[in-house]
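Encoded as C-alpha cells, the structure appears first; notes follow it.
Chains as they are written, first to last, in my numbering: chain A, 1 to 430; chain B, 1 to 430.
Here you go:
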C-alpha cells in the first residue's frame, strides 16, 4: 500500500467512508474482547495443573532440609526453591529470597524500605524532598505507580532497540537525588526489547552520584521466549561485581506467568549485604512465606531445564496468538506509514506506535467496538504519554479468532484516526 | 507448702542444695526442649491435611463467582472466603479483605501506610516526630517490633484481668501524638486474658485526641478455645458504630493456627472507609493474593461451624499439654508465694510471673538445662521487662512428656532463683 499521506483528499474521504462503515459493523456486532492485561489463557494455566493434582501422598510435607512445610519457619525460603531461583537469576542460592505469590510485592516492599529506612547505611530516601527515579518509557504502569506512591519524581528516558538510552541515563544519574530505576531487561514491557550486553554492562559500570542508587531488575519475562531463536540477557550480578557495584541490582521474578498467575512463587536476588538488609526487615513483616506452595513448585520443577521445557509449552500456545495479531498488523498497516510495531521474540506484549496525538482516539474507537486495550498512556509515568502514540497489545488471553477480530478492529481504528488527522480541516462526524 | 519467705536461712540452704542437685541432674541429662514460640505440633498440622489431599478433581479451579482461581484478579479475596471471615469477625463480607498467608504482614502494611501516607485524610504519622503507640504489656513482641520499626514510641499500659488498664489508656489518648495500640483481645498473648465487654466498649467509646487513632485488633486466637467453657469477646465493630468511631478498629486474623502455620489464609476487617483506603494501597502492592489457597480453605471450611468443629480437635490435642504444665506448676509452686500463673481457657500461652528481678536468672538456669523459653523480656517493648518478672510458656509444640520435664526444670529454676534472692547475702556458686 502507498503511504497514506500520498492519498489525495478525495481518496482519503473515500477511504474514510469505507473505514467508518467497517467501524459501524464492528460496533453493531457487539464484540467484547479484553486485551488490557497480560493475563495467561486458561489453556496456559492448565499446563500447571499438576500443582492441583499432587497430593501429600506424592510430595509429602517435608523439604530437603527436613523442614515440615506446614509449620512456621525458614523465612528465606526452602533450600531447593532458593537453588532453583538461583539458577534462574544466575546467582548462588544464598543470594536468593523466596517470597509469597507476588514479585510486585517484593518490589513495593523494597522501595518502601529504601524510602522509610534507607539502605546500605544511607539516609531514608524520603528525607530527600527532591528524590527521583528514572522511568524508562514506555514501561510497566505498576512500576511507575510504586515510584509515584513514594513520591519519587519520574524522569522519562526513552527505550532504544538495545535498552534505555544509556547516554541519557549516565547523565541523569549525576544527580544525587536520582535514586534508581525500574528495568524489565528481557522482553521489556511493552516493547519486547532485551537489553544488549553493552547496555547491561553500562548500567553495572556507571558512576551514580547517589551511593544508594538501586536498579530494580524485574526479570518478569526471563524464561518467556516465544520462538526457538531466543534473546539472551547478560548476567547483571556478574557485571556489577566486575565494576565494584555489587549492591546496585536487586532482581525480581515470579512464576505467575510460568505456573498460576497470582498463585505462583515470587523471588528476589541481591548481594549479600542487600539480602541481609531485606531479611532483617522481613522478620518484622512475616514469620514465613507459604512453603507448601514452594514445595509443590519444586516438585514440578526440579531444575531450570524443567522450567525451560515447561515454557516451550507456553510458547506453543502463545505463538499463534502473537502471529495472528502480527499477520493482521502487517496486512493492514504495512506501507501506510501511519504506524509501526515490534515483533518480539518473547514476553507478553506487542507494542504499536501510531501517529503522534492519535493513540487516545484509537483507544476510543476500539472501545466503541467493544475492544478493551491497555489504557492509552498507561505505559508512561502518571498515565501520560507525551506523544499520545503508544498502544500496548496483550494477545495472551483472547482466542486466536478473537485476536484476528481484535487486530482488524484496531487496524481499522488506526487508519480512521490517521485519516481524521489528514482530513482535519474537514468536519468529521464523531 | 509454706511460703518460701517463712523458711529459716538453714532451711533455705538445705532446699537450695536439693534444688541445685536437681538442676545438675537436668543439665547432665542433656535435654533439648524448645518452648519459645507458639508453634503448632505436627499432630495439629495433620488435622488440616485435607488441604494437601484435595485435588482439582475434588474442588475444581473455579470460585463461587465463576473466577478461575489460577489467574490474576479478585484483589480483595474470593466471595466465599470473605463471607467466611466476615462471620469470624462479625462484619459483613464487604468489610473483609483476604490477604496472603500472614496477618502480621497485613498489620505491618497498615502501620506502614499510616506512617508514610496517613489515613482518613490526616497527615502521615511520620510527620509527627513525637508519634507514639500504646503498648499493652505484656504483649506480642512482633507487634512491638513493628511499632519500633516505624519510630512509634511505646508507652506501657499494664494488663488487668479484663484487658488493658482503661483508666490509663483513656488518659494517654488525650495526647494527639498517641496514634493507636495493638490489642490481642481474646486469649491475649501471653496472659490468655479476654477483654471484658466493658473494656471493649470503653475502647470503642473513648475520646482520642488523635482523630486518626487506630486500634490494631489482632484476633489471633479468636476461635482457639481449649475447653467447653469458652471466653466470649464483644463485637468491637458494633460497639464502635454505636459511638460514632467506626473507623477506629482494624481487625486481623489468620488460619495459621487453624490450618497450616505460615501457609494458611490471613484476613482483615475494617470500616467501609478503611477498606477503601487499604484496597487502594493494595493495588500498588499486588495484583491478587493466592486464590488457590483460598479455594482450598473454603473447600474444607464452608461455614464457621466447620471451623469450630475443627478447633475442637485442636483443643483435644492442646488441652493435655496445657494441663501437663499447669499440673506441675501447681504441684511445685502453690503456696510458696514466689510465682503466680494463669490458667487460660484458650490461646497458646501460659504466663508465669516470678519474683521481681529474677526472670532472667530463671531463663538462664533453664537454658543451662537445655530448655529454651521465649526470650525473657520479649513480651515487653524494646525487649525490656521493667520488672524482670514475666516468663511466657508455649506448650503447643513439645510432647506431654517433654512438657512434664520442661515444667519441672522451670519450677526448679524458679525455686532456685527465689532461694538465691532470699539467700542473697550468701555467696552463691553460679
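Even for Gly, the Cβ is constructed at its ideal location relative to N, Cα and C.
Using the C-alpha atoms, what's the distance from residue j back to residue i?
{"i": "residue 79/A", "j": "residue 68/A", "result": "13 Å"}
{"i": "residue 212/A", "j": "residue 384/B", "result": "34 Å"}
{"i": "residue 259/B", "j": "residue 40/B", "result": "9 Å"}
{"i": "residue 378/A", "j": "residue 317/B", "result": "54 Å"}
{"i": "residue 430/A", "j": "residue 23/A", "result": "Note on residue 430/A: pLDDT 39, under 50, position unreliable in the model; the coordinate value appears next. So the alpha carbons of these two residues sit roughly 12 Å apart."}
{"i": "residue 112/A", "j": "residue 150/A", "result": "7 Å"}
{"i": "residue 296/B", "j": "residue 348/A", "result": "29 Å"}
{"i": "residue 115/B", "j": "residue 106/A", "result": "19 Å"}
{"i": "residue 118/A", "j": "residue 125/A", "result": "6 Å"}
{"i": "residue 428/B", "j": "residue 21/B", "result": "Caution is warranted here: a pLDDT of 45 is assigned to residue 428/B, below 50, making its placement in the model unreliable, and no coordinate value can be reported."}
{"i": "residue 144/B", "j": "residue 164/B", "result": "16 Å"}
{"i": "residue 414/B", "j": "residue 354/B", "result": "7 Å"}
{"i": "residue 351/A", "j": "residue 82/A", "result": "34 Å"}
{"i": "residue 25/B", "j": "residue 104/B", "result": "41 Å"}
{"i": "residue 92/A", "j": "residue 108/A", "result": "24 Å"}
{"i": "residue 396/A", "j": "residue 419/A", "result": "30 Å"}
{"i": "residue 382/A", "j": "residue 138/A", "result": "12 Å"}
{"i": "residue 394/B", "j": "residue 191/A", "result": "55 Å"}
{"i": "residue 53/B", "j": "residue 61/A", "result": "11 Å"}
When you compare each of the options to residue i by their alpha carbons, which one comes out closest?
{"i": "residue 246/A", "options": "259/A, 203/A and 219/A", "result": "203/A"}
{"i": "residue 226/A", "options": "257/A, 217/A and 263/A", "result": "257/A"}
{"i": "residue 186/A", "options": "236/A, 261/A, 105/A and 158/A", "result": "236/A"}
{"i": "residue 435/A", "options": "129/A, 116/A and 140/A", "result": "The first residue shown for chain A is 1 and the last is 430, placing residue 435/A beyond what the model contains."}
{"i": "residue 249/B", "options": "54/B, 206/B and 223/B", "result": "206/B"}
{"i": "residue 33/A", "options": "416/A, 408/A and 418/A", "result": "408/A"}
{"i": "residue 292/A", "options": "75/A, 6/A, 3/A and 30/A", "result": "75/A"}
{"i": "residue 233/B", "options": "195/B, 120/B and 244/B", "result": "195/B"}
{"i": "residue 311/A", "options": "228/A, 286/A and 344/A", "result": "228/A"}
{"i": "residue 287/B", "options": "201/B, 411/B, 398/B and 100/B", "result": "100/B"}
{"i": "residue 416/A", "options": "35/A, 15/A, 8/A and 3/A", "result": "15/A"}
Verify the CB distance criterion: does residue i have a CB-CB separation below 7 Å to chain A?
{"i": "residue 72/B", "result": "yes"}
{"i": "residue 64/B", "result": "no"}
{"i": "residue 52/B", "result": "yes"}
{"i": "residue 437/B", "result": "The structure shown does not extend to residue 437/B, since chain B spans only 1 to 430, so no value can be given for it."}
{"i": "residue 32/B", "result": "no"}
{"i": "residue 108/B", "result": "yes"}
{"i": "residue 102/B", "result": "yes"}
{"i": "residue 130/B", "result": "no"}
{"i": "residue 49/B", "result": "yes"}
{"i": "residue 254/B", "result": "no"}
{"i": "residue 67/B", "result": "no"}
Please confirm whether residue i has its beta-carbon closer than 7 Å to some beta-carbon of chain B.
{"i": "residue 399/A", "result": "no"}
{"i": "residue 98/A", "result": "no"}
{"i": "residue 419/A", "result": "no"}
{"i": "residue 260/A", "result": "yes"}
{"i": "residue 284/A", "result": "yes"}
{"i": "residue 429/A", "result": "For residue 429/A, the predicted model reports a pLDDT of 43, less than 50, meaning its position is unreliable; a value from the coordinates is still stated below. It does not: the Cβ of residue 429/A has no partner Cβ on chain B nearer than 7 Å."}
{"i": "residue 149/A", "result": "yes"}
{"i": "residue 389/A", "result": "no"}
{"i": "residue 393/A", "result": "no"}
{"i": "residue 105/A", "result": "yes"}
{"i": "residue 263/A", "result": "yes"}
{"i": "residue 83/A", "result": "no"}
Starting from residue i, follow the alpha helix (DSSP H) in both directions and report where the run begins and ends.
{"i": "residue 412/A", "result": "400-422"}
{"i": "residue 293/A", "result": "291-300"}
{"i": "residue 198/B", "result": "197-205"}
{"i": "residue 237/B", "result": "236-242"}
{"i": "residue 467/B", "result": "In this structure chain B extends from 1 to 430, so residue 467/B is not present and cannot be described."}
{"i": "residue 254/B", "result": "First-last for residue 254/B: 249-254, but that is the beta strand (DSSP E), not the alpha helix (DSSP H)."}
Could you confirm whether any beta carbon from chain E is found closer than 7 Å to the beta carbon of residue i?
{"i": "residue 405/B", "result": "The structure shown contains no chain E; the protein chains it does contain are A and B."}
What first and last residue would you give for the beta strand (DSSP E) that runs through residue i?
{"i": "residue 150/B", "result": "Taken as a continuous stretch (DSSP letters only), residue 150/B belongs to no beta strand (DSSP E), as it is neither H nor E."}
{"i": "residue 214/A", "result": "214-218"}
{"i": "residue 24/A", "result": "It is not in any beta strand (DSSP E) - residue 24/A instead sits in the alpha helix (DSSP H) that spans 9-29."}
{"i": "residue 181/B", "result": "178-183"}
Which ranges does the beta strand (DSSP E) cover as unbroken runs of at least 3 residues, wholly within the region 331-381 of chain B, from first to last along the chain? 339-341, 350-354 and 371-373
Every unbroken alpha helix (DSSP H) inside the region 32-97 of chain A [4 residues or more]: 42-46, 56-59 and 79-89
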